[in-house]
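A.B. asks:
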Ligand code: HEM
Ligand SMILES: [Cu+2]
Ligand SMILES: [Cu+2]
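As structure tokens, then:
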């Protein structure tokens, strides 16, 4: 088998030889996981390039670089690419790689569908990105695509088809993950012994199945309004533009939790490992994820406090939204308690996880403030909201993905990454990201609306600081790329099977790099090898 | 703040806030401004915002403080040995119940703000605001119980800002000033003139796509949606010129449709309104003389 190694990866026990067979026709969960991760990193840089255009135009007052319409294309595309191209596929890639390894399954339950759900994505995004080069340009109505504005675009049909494809991909991925977790666990891997990451993905997958069809419905109604003479959202024809917003956010709020629940899972794996202490309140953690997921279905209109809802509706959605802070708080307290009394070391995955806990919590704080409807009459659609969701999505979701990449890279590649460069990447990112996003709170409170290409000079200083942070953060991610490439191809230091001293769980019982096929025979589970083996309380 | 509850319970907080953030009495964006304006209207979410902010700061200090202590005390390099416990029912109850109590307090304050905002009764004046790509139209509907005839106009970005904001215009945004205040992108050709000490009801609609009418000094924004008439109110306490912007993406010039509200004493306003009505009448008379029926001016 030694010569089974390809030029891409070494030592994949039994991997097919030809490039096409291995990558295009792959049904192997690890290879598909790798494809997802590479795809997501690519999208991260493309979406990042759009962000650089935005921050460059906003560097100082006056229009210097792009036309306002193109600016709107950039904000719209940046969000679509980051959400559907970078964050979501990264989590699916991590699930592909790790869920079978963590529950002792030989592969995903539906390997061929797994191949299809990945390979849809590149086509969807090529189509989406190609609209930028078409006459009439790409979508410019914001990622939320509110009608009537979004229907003024020329690229509506392309964007909607691309979104349908992404939705199909996500739903298939979710079905696969649920089927794997429910049916393929090794004997002895009870549901309440599963790693929190697996739990978080099980719940996320149900969210995906529940809400992606809702998004599909909303955008299809846009399509028929535009091309087939329907009037769902057209006031002149008896329709209601606000109906779209209700449908969109019924998808949209669970969607933001789709992007954070797997992150909760990742952090709940990493903090115990580097604290050398089991997670505090395992059951509470699982229950908190489940209750956040449930609540996420009944808070959608907190995105619509300014559309003129009846007062009773504003109150209901305000109270429900505030309630989410309780299980979210439980999670944060439990992470801190896991560290308390531990024996901590601070390797790169742990650094990113600690930064996650602090900075995600700051995003939660602004979330709580936004939930106060009367105050949201001021905050809504300002840079305060932009700061909020970047704290939860960049220092939340994206940092958790980086933490996961550093944490499991040794298992994936068989090599240890450069700890020095990992730490340089971390410190550079964590400082620059705050320079980038913290001043945006001030801008929003001072009165700067979001999605504008130019602004009054009162906003000049903080915008310049933010842009500098933006360029710096963007450049820092090149270090990330360098560390990964170095680790996979050039690193000399081999990884042990159990790559981290305090790491527990089945994934650390297989060799590093993980061979092409693992757990052909179900492993015998020893409770003390599991991170959460002892559930006697 | 209308709600006495909020006002009373947060006076102390507000005092602390003042010390920290300096005076927040301005109505319009100021360079390096850190915090939300207190506004100039009877209704303002400022106090609620400050309570929310300080609650978050307090919780943050506790949580992050505990984290940093943990990171310092329980490092392996200091010889810390991991303990085995994974559970503490007492603690878990505490950190579920305490946040619930804090949230109930916040919810109570916020509910007061919502009810007072929703109450547009007793208004002495109605103004209809219509958002268009990319300008606002204002129509004066009634004042002191009497219908106002024919006073309505379009308000759009003033000309020097408009020239400066063109791509590569090479004109300096810093130079656009009114009374020493930079008004780049925050000034219009014709401001909305309103009286102070008057409860004004706004009826806000969208003419083409969705816009959002936002003047920070008034404390709220309200979406202007085609087919829906939204209501909001203000009662301005201090005369002044208050500036805002469209706050809902509405196409390419979304960033270039500012709002200017000029609040003047009642007498001055009444005089202004009378002049406007005169002018409208004169214009109408002239038009009828010249051509067939005049178009309604009330959009
Ligand atoms: C304590 C938890 C949270 C609360 C209470 C909360 C609350 C809110 C509220 C009220 C808004 C609407 C603000 C406005 O438009 O005026 C909002 C916006 C947003 N939140 Fe959160 N949030 C929380 C956590 C999260 C998380 C975990 C994520 C994603 C990982 C997230 C992502 C977003 C995004 C993307 C938006 C903006 C959507 C848009 O308008 O484009 N939030 N949040
Ligand atoms: Cu939400
Ligand atoms: Cu607008």
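Residue numbers (the working numbering), protein chains in the order written: chain Z, 1 to 537; chain S, 538 to 836. C-beta: ideal position from N, C-alpha, C; glycine also.
(1) Pull up the distance between the alpha-carbon of residue 561 of chain S and that of residue 443 of chain Z, whole angstroms please.
(2) If you run the structure through DSSP and keep just helix, strand and coil, what is residue 732 of chain S?
(3) Hey, does residue 389 of chain Z have any beta-carbon neighbour from chain S nearer than 9 Å?
(4) Using a threshold of 9 Å, state whether the C-beta atoms of residue 593 of chain S and residue 18 of chain Z are closer than that.
(5) DSSP three-state label for residue 521 of chain Z, please.
(6) Helix, strand or coil, according to DSSP, for residue 664 of chain S in the structure here?
(7) Can you list the residues of chain Z that residue 673 of chain S reaches, using a CB-CB cut of under 9 Å?
(8) List the residues of chain Z whose Cβ lies closer than 8 Å to the Cβ of residue 767 of chain S, in chain order.
(9) Let me see if you follow: with CB-CB separation under 9 Å, is residue 340 of chain Z close to chain S or not?
(10) Can you tell which of S:741, S:755, S:730, S:826 has the C-alpha that lies nearest to the C-alpha of residue 811 of chain S?
(11) Below 8 Å, how does it come out for the segment 278-298 of chain Z and the segment 122-136 of chain Z: are there three or more Cβ pairs, yes or no?
(12) On a CA-only basis, which of Z:39, Z:186, Z:323 is nearest residue 103 of chain Z? Give me that one, please.
(13) Under a three-way DSSP split, which group does residue 67 of chain Z fall into?
(14) Exposed or buried, what is residue 260 of chain Z when buried is set at 16 or more other beta-carbons lying within 10 Å of its beta-carbon?
(15) Is any heavy atom of ligand 2 found at a distance shorter than 8 Å from the C-beta of residue 650 of chain S?
(16) Applying a beta-carbon distance threshold of less than 9 Å, which residues of chain Z neighbour residue 627 of chain S?
(17) Report the residues of the segment 687-721 of chain S with a CB closer than 8 Å to any CB of chain Z, ordered along the chain.
(18) Taking the beta carbon of residue 717 of chain S as the centre, do at least 16 other beta carbons fall within 10 Å, making it buried, or is it exposed?
(19) DSSP three-state call for residue 526 of chain Z: helix, strand or coil?
(20) Could you pull the start and end residues of the alpha helix (DSSP H) that residue 356 of chain Z belongs to?
(21) On the DSSP letters alone, give me the boundaries of the alpha helix (DSSP H) that residue 593 of chain S sits inside.
(22) From the beta carbon of residue 345 of chain Z, is the nearest beta carbon of chain S less than 9 Å away?
(23) Closer than 8 Å: is that where the CB of residue 785 of chain S sits relative to any heavy atom of ligand 3?
(24) Within 10 Å of its beta-carbon, does residue 286 of chain Z have 16 or more other beta-carbons around it, so buried, or fewer, so exposed?
(25) Run the CB neighbour count on residue 575 of chain S, radius 10 Å, all protein chains shown included, and call it buried at 16 or more, exposed below.
(26) For residue 152 of chain Z, return the contacting residues in chain S, with the cut-off set at a CB-CB distance below 8 Å.
(27) Which stretch, first to last residue, makes up the alpha helix (DSSP H) that contains residue 827 of chain S?
(28) Determine, using beta carbons only, whether residue 156 of chain Z comes closer than 9 Å to chain S.
(29) Hey, does residue 535 of chain S have any beta-carbon neighbour from chain Z nearer than 9 Å?
(30) Using the Cβ count rule (16 or more neighbours within 10 Å means buried), how would you classify residue 636 of chain S?
(31) Using a Cβ-Cβ cutoff of 9 Å, what residues of the segment 722-741 of chain S are near chain Z? List them in chain order.
(32) Taking residue 173 of chain Z as the reference, which of Z:436, Z:114, Z:226 has the closest Cα?
(33) For a contact defined as C-beta to C-beta under 7 Å, what are the partners of residue 231 of chain Z on chain S?
(34) Listing by chain order, which chain S residues have their CB less than 9 Å from the CB of residue 279 of chain Z?
(35) Using a Cβ-Cβ cut-off of 6 Å (strictly less than) and excluding sequence neighbours within five positions of residue 773 of chain S, which residues of its own chain qualify?
(36) Between the Cα of residue 310 of chain Z and the Cα atoms of S:759, S:572, S:825, S:826, which residue gives the shortest distance?
C.D. replies: So, from the data block:
(1) For the purposes of this step, residue 561 of chain S is taken as residue 24 along the second chain, with counting starting at 1. For the purposes of this step, residue 443 of chain Z is taken as residue 443 along the first chain, with counting starting at 1. At residue 561 of chain S the pLDDT is 38, less than 50, meaning the model places this residue with poor confidence; the figure from the coordinates comes in the next sentence. Residue 561 of chain S and residue 443 of chain Z: Cα-Cα distance of roughly 14 Å.
(2) Stepping through the second chain from its first residue, residue 732 of chain S is reached at position 195. Residue state for residue 732 of chain S is assigned as strand, using DSSP reduced to three classes.
(3) Taking the first residue of the first chain as position 1, residue 389 of chain Z is located at position 389. Not an interface residue.
(4) To locate residue 593 of chain S, count along the second chain from 1; it is residue 56. To locate residue 18 of chain Z, count along the first chain from 1; it is residue 18. The answer is no: Cβ separation not under 9 Å.
(5) Counted from its first residue, the first chain places residue 521 of chain Z at position 521. DSSP, reduced to helix, strand and coil, places residue 521 of chain Z outside both helices and strands of the structure shown, so it counts as coil.
(6) By one-based count along the second chain, residue 664 of chain S stands at place 127. Correct three-state label for residue 664 of chain S: strand.
(7) By one-based count along the second chain, residue 673 of chain S stands at place 136. In chain order: nothing, as chain Z lies at least about 14 Å away.
(8) As a first step, residue 767 of chain S must be located in the second chain, where it is residue number 230. Result: 307, 308.
(9) Sequence index remark: in the first chain, residue 340 of chain Z carries index 340 (1-based). Yes, contact with chain S.
(10) Reading the second chain from its first residue, position 274 is the one you call residue 811 of chain S. In this structure, S:730 is the residue among S:741, S:755, S:730, S:826 with its C-alpha nearest to the C-alpha of residue 811 of chain S.
(11) The segment 278-298 of chain Z is not in contact with the segment 122-136 of chain Z.
(12) Residue mapping note: residue 103 of chain Z aligns to position 103 of the first chain, counting from 1. Proximity to residue 103 of chain Z across Z:39, Z:186, Z:323 peaks at Z:186, based on C-alpha coordinates.
(13) On the first chain, residue 67 of chain Z is found 67 positions in, with the first residue counted as 1. In the structure shown, residue 67 of chain Z sits in coil (DSSP, three-state: anything other than H, G, I, E or B).
(14) Residue mapping note: residue 260 of chain Z aligns to position 260 of the first chain, counting from 1. Taking every protein chain shown into account, the CB of residue 260 of chain Z has 16 or more other CB atoms within 10 angstroms, so this residue is buried.
(15) In the second chain, the residue the question calls residue 650 of chain S occupies position 113. No; taking the cut-off as 8 Å, the Cβ of residue 650 of chain S has no heavy atom of ligand 2 nearer than that.
(16) Position 90 of the second chain, counted from the start, is the residue given in the question as residue 627 of chain S. None at all; the shortest Cβ gap to chain Z is about 12 Å.
(17) Cβ proximity to chain Z below 8 Å picks out 701, 702, 703, 704, 705, 706, 708, 709, 710, 711, 719, 720, 721 from the segment 687-721 of chain S.
(18) Position 180 of the second chain, counted from the start, is the residue given in the question as residue 717 of chain S. Burial call: exposed.
(19) The residue given as residue 526 of chain Z occupies position 526 in the first chain. DSSP places residue 526 of chain Z in coil when its eight states are reduced to three.
(20) Locating residue 356 of chain Z in the first chain gives position 356, counting from the first residue. Counting along the chain, the alpha helix (DSSP H) containing residue 356 of chain Z begins and ends at 348-371.
(21) On the second chain, residue 593 of chain S is found 56 positions in, with the first residue counted as 1. 583-610 is the extent of the alpha helix (DSSP H) around residue 593 of chain S.
(22) Position 345 of the first chain holds residue 345 of chain Z. Chain S, which has a Cβ nearer than 9 Å to the Cβ of residue 345 of chain Z, makes this yes.
(23) Sequence index remark: in the second chain, residue 785 of chain S carries index 248 (1-based). For ligand 3, at least one heavy atom lies less than 8 Å from the Cβ of residue 785 of chain S.
(24) Within the first chain, residue 286 of chain Z is the residue found at index 286, counting from 1. By the 10 Å Cβ count, residue 286 of chain Z comes out buried.
(25) Taking the first residue of the second chain as 1, we reach residue 575 of chain S at position 38. By the C-beta density criterion, residue 575 of chain S is buried, having at least 16 other C-beta atoms within 10 angstroms.
(26) Here residue 152 of chain Z refers to the residue found at position 152 of the first chain. Within chain S, the residues near residue 152 of chain Z are 746, 788.
(27) Your numbering for residue 827 of chain S matches position 290 in the second chain. Going by DSSP, residue 827 of chain S is part of the alpha helix (DSSP H) stretching over 803-827.
(28) For the purposes of this step, residue 156 of chain Z is taken as the residue at position 156 of the first chain. For residue 156 of chain Z, the answer is no, since every Cβ of chain S falls outside 9 Å of its Cβ.
(29) Outside the displayed span of chain S (538 to 836) sits residue 535 of chain S, for which this structure offers no information.
(30) Against the second chain, residue 636 of chain S aligns to sequence position 99. Under this definition residue 636 of chain S is a buried residue.
(31) Taking 9 Å as the Cβ-Cβ cut-off against chain Z, the residues of the segment 722-741 of chain S that qualify are 722, 723, 741.
(32) Taking the first chain and counting its residues from 1, the one referred to as residue 173 of chain Z is at position 173. Ranking Z:436, Z:114, Z:226 by Cα distance to residue 173 of chain Z puts Z:114 first.
(33) Counting from one through the first chain, the residue named residue 231 of chain Z turns up at place 231. Residue 231 of chain Z does not reach chain S, its nearest Cβ partner there being about 11 Å away, counting only Cβ pairs nearer than 7 Å.
(34) In the first chain, the residue the question calls residue 279 of chain Z occupies position 279. For the C-beta of residue 279 of chain Z, the chain S residues within less than 9 Å are, from N- to C-terminus, 623.
(35) Stepping through the second chain from its first residue, residue 773 of chain S is reached at position 236. Excluding positions up to five away in sequence, the list reads 577, 578, 733, 800.
(36) Within the first chain, residue 310 of chain Z is the residue found at index 310, counting from 1. When each option's Cα is compared against that of residue 310 of chain Z, the closest is S:759.
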